[in-house]
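S.K.: Sending over a structure as structure tokens; questions will come in a sec.
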Amino acid sequence: MKLHSDSDRINTAEGEIMKKKPVVLVVMDGVGLTEKDNGNAVKNAYLPYLRDLKATQPFTTLKAHGEAVGLPTDDDMGNSEVGHNALGSGQIYAQGAKLVNRSIQDKSMYKTDTWKALVERTKGTNTFHLIGLLSDGNVHSHINHVTAMLSQLKAEGVNRVALHALSDGRDVGATSALEYIDAIENHMAILNDETFDAFIASGGGRMLITMDRYDADWPMVERGWQTHVLGVARQFASATQAITTYRQEIEDLSDQYIPAWVVEKDGHAIAPIKDGDSVVFFNFRGDRALEISKAFEGDDSFDKFDRIRVPEVLYAGMLQYDGDLLLPKNFLVNPPHITNTLTDLLVKNNMSILAVSETQKYGHVTYFWNGNRTERVDENLETWIKVEGDNIPFEQRPWMKSAEITDIVMDGMRSGKYDFIRLNYPNGDMVGHTGDYQAAIISVEAVDLAIGRLKKVADETGSTLIILADHGNADEMYQKKKNPEEPTQPKTSHTLNPVPFIIYNRDVKLKEGKFGLANVAATVTDLLGIEKDPIWEESIIDLQD
Numbered sequence: 018m019k020l021h022s023d024s025d026r027i028n029t030a031e032g033e034i035m036k037k038k039p040v041v042l043v044v045m046d047g048v049g050l051t052e053k054d055n056g057n058a059v060k061n062a063y064l065p066y067l068r069d070l071k072a073t074q075p076f077t078t079l080k081a082h083g084e085a086v087g088l089p090t091d092d093d094m095g096n097s098e099v100g101h102n103a104l105g106s107g108q109i110y111a112q113g114a115k116l117v118n119r120s121i122q123d124k125s126m127y128k129t130d131t132w133k134a135l136v137e138r139t140k141g142t143n144t145f146h147l148i149g150l151l152s153d154g155n156v157h158s159h160i161n162h163v164t165a166m167l168s169q170l171k172a173e174g175v176n177r178v179a180l181h182a183l184s185d186g187r188d189v190g191a192t193s194a195l196e197y198i199d200a201i202e203n204h205m206a207i208l209n210d211e212t213f214d215a216f217i218a219s220g221g222g223r224m225l226i227t228m229d230r231y232d233a234d235w236p237m238v239e240r241g242w243q244t245h246v247l248g249v250a251r252q253f254a255s256a257t258q259a260i261t262t263y264r265q266e267i268e269d270l271s272d273q274y275i276p277a278w279v280v281e282k283d284g285h286a287i288a289p290i291k292d293g294d295s296v297v298f299f300n301f302r303g304d305r306a307l308e309i310s311k312a313f314e315g316d317d318s319f320d321k322f323d324r325i326r327v328p329e330v331l332y333a334g335m336l337q338y339d340g341d342l343l344l345p346k347n348f349l350v351n352p353p354h355i356t357n358t359l360t361d362l363l364v365k366n367n368m369s370i371l372a373v374s375e376t377q378k379y380g381h382v383t384y385f386w387n388g389n390r391t392e393r394v395d396e397n398l399e400t401w402i403k404v405e406g407d408n409i410p411f412e413q414r415p416w417m418k419s420a421e422i423t424d425i426v427m428d429g430m431r432s433g434k435y436d437f438i439r440l441n442y443p444n445g446d447m448v449g450h451t452g453d454y455q456a457a458i459i460s461v462e463a464v465d466l467a468i469g470r471l472k473k474v475a476d477e478t479g480s481t482l483i484i485l486a487d488h489g490n491a492d493e494m495y496q497k498k499k500n501p502e503e504p505t506q507p508k509t510s511h512t513l514n515p516v517p518f519i520i521y522n523r524d525v526k527l528k529e530g531k532f533g534l535a536n537v538a539a540t541v542t543d544l545l546g547i548e549k550d551p552i553w554e555e556s557i558i559d560l561q562d
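Just add 17 to wherever you are in the sequence shown, counting from 1, and you've got this note's numbering.
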């Protein structure tokens, strides 16, 4: 049965007014569910509100990884970007890793005009530079893409390739960087001969250089520019020496926080980026690739930092990271073209929308939710609010901005202005990535407290809450041990666990079956009393008489 809209008109003595009872979608970023306890901050935290809702309200779990969100296999962890694409579009699109895998396997990437131009200018003495995250985390990048490009570059007659290798420690083991350094250097050694020279030139941790996002910390990008482009950083004889030295000097150093380094010869960086070179940023995920792309492509009006020297290069991304801004101009693989989103349908039905998060996840409830579009679908119907995050390590303030986000959303619920409100609490994900178990517990408890506040306002206003997560993280804070004698190691990556799905303050029945994040959009439209887009995945609920 179709519900009446929760934006029904109410007649008053003064006339007809609009009284809206919004559907409020709450994303608890990084909060998965499992009974296993490998540092399970979700299971072990004090969560009275979530546990009560789970026990008394319509509840199920959703698949948030692998094929359910467009990734190649079910061994691939979900992430916030593909998760919010699925939530916001009601569809499953082939995502970055799958798109790149296909284009490399069928060699279509190497037939593009961009690839041909990149190769052509580096067949002589110029250098072909590859910059990106060197791991097999498959969230931002994959080392197999790098090895494939190296082999192709040799086959096409390129003479010199420099790899600028950012260390991960976040989507893979916290101290696994040397595994990837060894693997790529072994591959280079097989390829290298008198006609081909591939080598590692520079690097640093992904949370210290190059890979900032959402304009949160441009000095990170500046440090990356100085390292990769200018060749200005602490010098070492090799990548291995750089990483081992920093680990000896800095206690409990995670790969994501390794300071910048360059490989030197005779006191000079071996491969700063120069005029005439080609540069590929090989990450396929867009959020942490946009700012460095702006630095390479920005004209004289670029003012985020002093680039000092801007080499004349051909720059390309693995994908086009922003289709609205057309950034970068050159790219190797077409990103998913997402249409028919939930926002498109709500705007078509003249429904007003509020989206709220803090800096680290603001783009997820806006850009990724709206199908990888930077601009609003409708300036009048969409309100986006970003709460500025604290620029400190997340484990030092694990509650983050959950209280401020909640204040804004409660005001929105009470205002009567909005049909649909979506918000993201980044805590479980951002703190989960630090590997700090105690901080992760506090982060999840802060979110639970916030949900308790939203629940009271839902009762007060007649609003409906949908409470879910986009992927797991805080539910596994320790690496699984191969034997009991091994020391406990922090886990900083996402998980493969399902995520919760709860509906509060609405009389609905959940359907039988297995569902994923892409089923949520149709559920929202059911609750709002409008027809879903016919191309979407089905709704999770059966509506009651």
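Yeah, the Cβ is synthetic: ideal placement off N, Cα and C, and Gly gets one too.
Treat the numbers as computed from the prediction; the structure is a model and nothing was measured.
1) If we ignore side chains and look at the alpha-carbon of each, how far apart do R634 and V474 end up?
2) Return the chain-ordered ranges of every beta strand (DSSP E) run that is complete within the region 285-318 and spans a minimum of 3 residues.
3) Is it buried or exposed for A256, if we count other Cβ within 10 angstroms and need 16 for buried?
4) Mapping DSSP to helix, strand and coil, what is N444?
5) What do you get for A486, buried or exposed, if any count of 16 or more other CB atoms within 10 angstroms of its CB means buried?
6) Tell me F145's beta-bridge partners as DSSP assigns them.
7) Drop a sphere of 10 angstroms on the beta-carbon of S24, count the other beta-carbons inside from all chains shown, and report buried for 16 or more, exposed for fewer.
8) Tell me which same chain residues have a C-beta within less than 7 Å of the C-beta of P443, skipping the five on either side of it?
9) Grouping DSSP H, G and I as helix and E and B as strand, with all else coil, what is A256?
10) Please report the Cβ distance between D272 and G222, rounded to the nearest whole angstrom; I am assuming they are in contact, meaning their Cβ atoms lie under 8 Å.
11) Skipping 5 residues on each side, what residues in its chain have a beta carbon closer than 6 Å to that of N366?
12) Straight-line CA distance for N536 to N357?
13) Once DSSP output is grouped into helix, strand and coil, what is the label at L67?
14) In this structure, does DSSP put L20 in helix, strand or coil?
15) Can you tell me whether M335 is helix, strand or coil according to DSSP?
16) Along the chain, where does the beta strand (DSSP E) that runs through P517 open and close?
17) Cβ-heavy atom distance between G293 and the ligand SAM below 7 Å?
18) Report the three-state DSSP secondary structure of I547 (helix, strand or coil).
19) Quick check on S168: does DSSP put it in helix, strand or coil?
20) Would you tell me roughly how many angstroms separate the C-alpha atoms of K19 and S480, rounded to the nearest one?
21) Straight-line CA distance for G489 to H285?
22) May I ask you to report which of helix, strand or coil DSSP gives K472?
23) Helix, strand or coil: how does DSSP classify L151 here?
M.R.: In short:
1) Shown here, the chain extends from 18 to 562; a query on residue 634 therefore has no answer.
2) Taking only runs of at least 3 residues, the beta strand (DSSP E) segments lying wholly in the region 285-318 are 295-298.
3) Position 239 of the sequence shown, counted from the start, is the residue given in the question as residue 256. By the 10 Å Cβ count, A256 comes out buried.
4) Reading the sequence shown from its first residue, position 427 is the one you call residue 444. Helix, per DSSP.
5) In the sequence shown, the residue the question calls residue 486 occupies position 469. Counting every other CB atom within 10 Å of its CB across the protein chains shown gives A486 a total of 16 or more, marking it as buried.
6) Reading the sequence shown from its first residue, position 128 is the one you call residue 145. Bridge pairing for F145: V178 and S295 [DSSP].
7) In the sequence shown, counting from the first residue as 1, residue 24 sits at position 7. Here the model assigns S24 a pLDDT of 40, short of 50, so the residue's position is not dependable and the matter cannot be decided.
8) Here residue 443 refers to the residue found at position 426 when the sequence shown is read from its first residue. Excluding sequence neighbours, P443 sits near D46, S374, E375, Q377, K378 and M417.
9) Here residue 256 corresponds to residue number 239 of the sequence shown, with the count starting at 1. Here A256 carries a helix assignment [DSSP, helix/strand/coil].
10) Taking the sequence shown and counting its residues from 1, one reaches residue 272 at position 255. Taking the sequence shown and counting its residues from 1, one reaches residue 222 at position 205. About 6 Å separates the Cβ atoms of D272 and G222, confirming a contact at the 8 Å cut-off.
11) Translated into the one-based positions of the sequence shown, residue 366 becomes position 349. Within the same chain, and ignoring the five residues on either side of N366 in sequence, the residues whose Cβ sits closer than 6 Å to its Cβ are I547.
12) To locate residue 536, count along the sequence shown from 1; it is residue 519. To locate residue 357, count along the sequence shown from 1; it is residue 340. The straight-line gap from Cα to Cα measures roughly 14 Å.
13) As a working mapping, residue 67 is identified with position 50 in the sequence shown. Correct three-state label for L67: helix.
14) Locating residue 20 in the sequence shown gives position 3, where the first residue counts as 1. Reliability of the predicted coordinates at L20 is poor, the pLDDT of 33 falling under 50, and no value is obtained from them.
15) Counting from one through the sequence shown, the residue named residue 335 turns up at place 318. M335 carries a strand assignment under DSSP once its states are collapsed to helix, strand and coil.
16) Counted from its first residue, the sequence shown places residue 517 at position 500. Counting along the chain, the unbroken beta strand (DSSP E) around P517 starts and ends at V516 to Y521.
17) Judged by which ligands are present, the structure shown has none, so any question about the ligand SAM falls away.
18) Locating residue 547 in the sequence shown gives position 530, where the first residue counts as 1. If DSSP states are grouped into helix, strand and coil, I547 belongs with coil.
19) Here residue 168 refers to the residue found at position 151 of the sequence shown. DSSP places S168 within a helical segment (H, G or I) once states are collapsed to three.
20) On the sequence shown, position 2 is the one that residue 19 refers to. On the sequence shown, position 463 is the one that residue 480 refers to. Residue placement at K19 is poorly supported in this model, since its pLDDT is 32, which falls under 50; the coordinates are not used for a value here.
21) Counting from one through the sequence shown, the residue named residue 489 turns up at place 472. Counting from one through the sequence shown, the residue named residue 285 turns up at place 268. G489 and H285 have their C-alpha atoms roughly 44 Å apart.
22) Translated into positions along the sequence shown, residue 472 becomes position 455. Under the three-state reduction of DSSP, K472 is assigned to helix.
23) Working through the sequence shown from its first residue, we reach residue 151 at position 134. In this structure, DSSP gives L151 a state outside helix and strand, which the three-state scheme calls coil.
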